[in-house]
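With numbering that gives the first Met the number 0, letter number 78 in the sequence shown gets 77, and the count goes up by one each step, no holes. Glycine included, C-beta positions come from ideal geometry on N, C-alpha and C. Scroll down for the structure; my scribbles are underneath it.
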Amino acid sequence: MKKSQKKKIYSITVTITVLLAITGILIYSLLNNPNKEKELTEKMLDDFTKCLTEKNVIMYGSIKNANSLAQMKMFESSLENLNYIDCSERKNDCMDILILPSWEIKNQIIHGAVSLEVLSKLTECEL
0 MKKSQKKKIY SITVTITVLL AITGILIYSL LNNPNKEKEL TEKMLDDFTK
50 CLTEKNVIMY GSIKNANSLA QMKMFESSLE NLNYIDCSER KNDCMDILIL
100 PSWEIKNQII HGAVSLEVLS KLTECEL
């Protein structure tokens, strides 16, 4: 075998090995991503929203507001367990609300949509 053929085979072997290593690392990271959200069951969401209600958490929103609708969609069918005030219908209850949706947690108003994980941390309701 010539020296140039050996170099070519070596180069191809190294390239294939590197590609396989990169592919393996990508597959491993996709399958074992610690940041991927766990799949929430209906019962988990029910328990979570019931806890929010027990802690007097209130969501202020409007069915006419896209951000409010997106926030409500996160709760799926468990939304019915949540203390919710529709500001398009109950304007007097929303005087201090600047942005929809907003949350009242521990007598403080938090403006804007909030992830379920953040709500869990702020309220100490397990998710």
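Opposing strand residues paired with residue i [DSSP bridges]
i: residue 101; result: 59, 110
Under 7 Å between C-beta atoms of residue i and residue j
i: residue 80; j: residue 48; result: yes
i: residue 127; j: residue 61; result: For the chain, the structure presents residues 0 to 126; residue 127 sits outside this window and is missing.
i: residue 66; j: residue 112; result: yes
i: residue 110; j: residue 97; result: yes
Three-way DSSP call (helix, strand, coil) for residue i in this model
i: residue 96; result: coil
i: residue 47; result: helix
i: residue 88; result: coil
i: residue 130; result: Nothing can be reported for residue 130, as the shown portion of the chain is limited to 0 through 126.
i: residue 53; result: helix
i: residue 1; result: coil
Range covered by the beta strand (DSSP E) that runs through residue i
i: residue 80; result: From DSSP, residue 80 is part of no beta strand (DSSP E); its letter is neither H nor E.
Residue from the options whose Cα sits closest to the Cα of residue i
i: residue 42; options: 55, 87, 68, 74; result: 74
i: residue 108; options: 100, 114, 72; result: 100
i: residue 63; options: 88, 78, 40, 51; result: 88
i: residue 93; options: 58, 46, 5, 77; result: 58
i: residue 115; options: 78, 12, 105; result: 78
Continuous alpha helix (DSSP H) stretch holding residue i: start and end
i: residue 64; result: Note, residue 64: premise wrong, no alpha helix (DSSP H); not H, not E.
i: residue 40; result: Segment: none, residue 40 is in no alpha helix (DSSP H) and carries neither H nor E.
i: residue 115; result: 115-122
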